[in-house]
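In the numbering used here, the protein residues as written are 19 to 139. Contents: one structure, followed by commentary.
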């Protein structure tokens with residue numbers, strides 16, 4: 019793997035919020051399934067970005083084909099660090115165009131932006 023800086027390698031909360039529901043954008047959450055579901059625990063506010071899909075960093079090596087075929091990819095986690103595991107796995111499979119949401123769930127939930135969570139959480 020060779021790192022290659024890109025000017026468009028991140029997305030901020032405003033742009034992501036404006037693009038929720040965009041059929042060409044797949045948002046991946048690299049956190050564990052319990053955090054994705056919204057289970058109380060680590061995060062002060064439980065939940066996930068609406069429409070996002072869970073791809074835990076522990077499963078990044080088995081990247082589903084439909085993820086690789088998505089027109090545009092954004093990856094987030096709790097703070098923006100663990101998502102880099104998914105980003106590396108995507109890059110290894112030819113998707114070096116995926117973007118990171120720095121700040122990730124910590125930033126999103128602090129802004130009181132829309133969220134989803136599983137019941138009963």
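Note that CB positions come from ideal geometry on N, CA and C, so glycine has one too.
Under the three-state DSSP convention, the category residue i falls into
i: residue 92; result: strand
i: residue 53; result: helix
i: residue 133; result: coil
i: residue 63; result: coil
i: residue 20; result: coil
i: residue 46; result: strand
i: residue 38; result: coil
i: residue 118; result: strand
i: residue 28; result: strand
Cβ pair residue i, residue j closer than 8 Å
i: residue 40; j: residue 117; result: no
i: residue 46; j: residue 70; result: yes
i: residue 94; j: residue 119; result: yes
i: residue 134; j: residue 68; result: yes
i: residue 131; j: residue 31; result: yes
i: residue 91; j: residue 113; result: yes
Buried or exposed by the 16-neighbour rule on C-beta atoms within 10 Å, applied to residue i
i: residue 84; result: exposed
i: residue 44; result: buried
i: residue 99; result: exposed
i: residue 115; result: exposed
i: residue 21; result: exposed
i: residue 129; result: exposed
i: residue 101; result: buried
Rounded distance between the beta-carbons of residue j and residue i, thought under 8 Å
i: residue 49; j: residue 56; result: Not really, about 11 Å apart at Cβ, beyond 8 Å.
i: residue 97; j: residue 124; result: 5 Å
i: residue 51; j: residue 72; result: 6 Å
Okay, do the stretch 70-89 and the stretch 29-37 touch, 3+ Cβ pairs below 8 Å being the bar?
The stretch 70-89 vs the stretch 29-37: no contact.
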